[in-house]
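Quick note: the sequence shown uses our numbering, first residue 47, plus one each step.
Where is the CB? At the ideal position from N, CA and C, for every residue including glycine.
Inspection log for the structure reproduced underneath, given as C-alpha cells.
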Amino acid sequence: MKNRRHEAILEIINEQPVATQEALMRILAERGIKTAQATLSRDIQQLSLVKQRDENGVYRYALPPMAVAEKSLFEEAVLSVDYAMNTIVLKCRAGMAQGTCAAIDSVNHQGVVGTLAGDDTIFILVRSEADARKLSKKFRSELFPGGKG
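In C-alpha cells:
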C-alpha cells in the first residue's frame with residue numbers, strides 16, 4: 047500500500063501543481079487512496095519532496111533537483127535488472143556502477159539491507175524475495191516505461 051501511495055504521489059506532483067498536503071490528500075482520495083495527514087506528512091518526508099516555485103512563481107511539491115539528476119543517472123547507466131532470491135543484480139555501462147549505486151543508496155528503498163558495486167555491476171541485498179521482486183519491478187518500470195526489459 048505504501049509503495050502504491052508513493053508512486054501515486056510522485057505521479058500526481060509530476061502531472062499538476064500541488065501546493066498543500068490537503069490538496070494532495072484530496073487528489074489521492076479521488077484516485078481511491080485515502081490517507082491520514084500524518085501518514086501523508088511522513089510520505090512527503092520519505093520521498094524527500096520539497097516545495098519550490100514553478101515557472102509561474104507558484105509554490106508546489108517537487109522532487110529535489112538532485113533526485114531528478116539521480117534518476118537520470120540511473121536511466122543512463124543501467125542496462126538490465128534481474129534478481130535471484132533476495133539479491134537484485136543491475137548490469138551497468140562500464141565504469142558507471144559505483145556512482146549509480148551511490149544514487150540508489152541515497153534513496154533508502156524499503157527492504158534494502160545493503161549494496162555493493164563493481165565497475166559494471168551492482169548487487170542489492172534485500173530482506174526477502176518479495177522485496178527483490180517488488181524493487182526489481184520498480185527499477186524496470188523506471189528504465190522501460192513501455193514494459194520492455
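Query, Result
"Under three-state DSSP, which class holds Gln-67?", "helix"
"What are the residues that DSSP puts in a beta bridge with Thr-167?", "Lys-137"
"Check whether the Cβ atoms of Leu-109 and Leu-70 lie closer than 9 Å to each other.", "no"
"So Val-135 and Thr-167 are in contact, right, with Cβ under 8 Å, and what is the actual spacing, rounded?", "7 Å"
"Please report how far the alpha carbon of Thr-66 lies from the alpha carbon of Ile-73, in whole angstroms.", "11 Å"
"Please go through the segment 74-156 and give each complete alpha helix (DSSP H) segment of 4 or more residues, from N-terminal end onward.", "83-92, 111-123 and 143-153"
"Just checking Gln-91 against the ligand ATP - is the residue's beta carbon closer than 8 Å to any of the ligand's heavy atoms?", "Among the components modelled here there is no ligand, and therefore nothing to report on the ligand ATP."
"Look at the Cβ atom of Thr-146, then the Cβ atom of Val-124, and state whether they are nearer than 9 Å.", "yes"
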